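The block underneath contains the structure these notes are about, expressed in structure tokens.
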Amino acid sequence: MSYETIVKATSGELEAMDEVLWHYSKRIRLAALENGHVNKDTEDNIKQRLIAVLFQFRFGGQAT
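Following the working numbering, the numbering of the sequence shown begins with 33 at its first residue and continues without gaps.
In structure tokens:
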């Protein structure tokens with residue numbers, strides 16, 4: 033994933049946020065596994081938290 037995509041995602045560009053979610057989709061599903069099945073509520077929660085963190089991210093190591 034490119035730096036430009038991350039910059040666009042942090043500014044709220046929907047296509048860039050979709051690309052970030054797609055990039056991490058396998059890891060998100062793996063983290064949402066319960067008894068061999070993906071827990072949809074857990075998967076959705078992880079995605080929501082990732083989106084929230086994108087909006088808080090500030091370059092240069094500073095988060096708000």
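All C-beta atoms in this analysis are idealised placements derived from N, C-alpha and C, irrespective of residue type, glycine included. Source: prediction; values computed, not measured.
Linking Lys72 to Phe91 through their CA atoms gives a straight-line distance of about 31 Å. For Leu82 against Tyr56, the beta-carbon gap comes to about 7 Å, under 8 Å, which counts as contact. When DSSP assignments are scanned along the stretch 40-94, the uninterrupted stretches of alpha helix (DSSP H) that are 4 or more residues long and fall wholly within it turn out to be 46-55, 57-63 and 72-88. Between the C-alpha atoms of Val70 and Met49 there is a straight-line separation of about 22 Å. For Leu46 and Ile38, the gap between their C-alpha atoms comes out near 11 Å.
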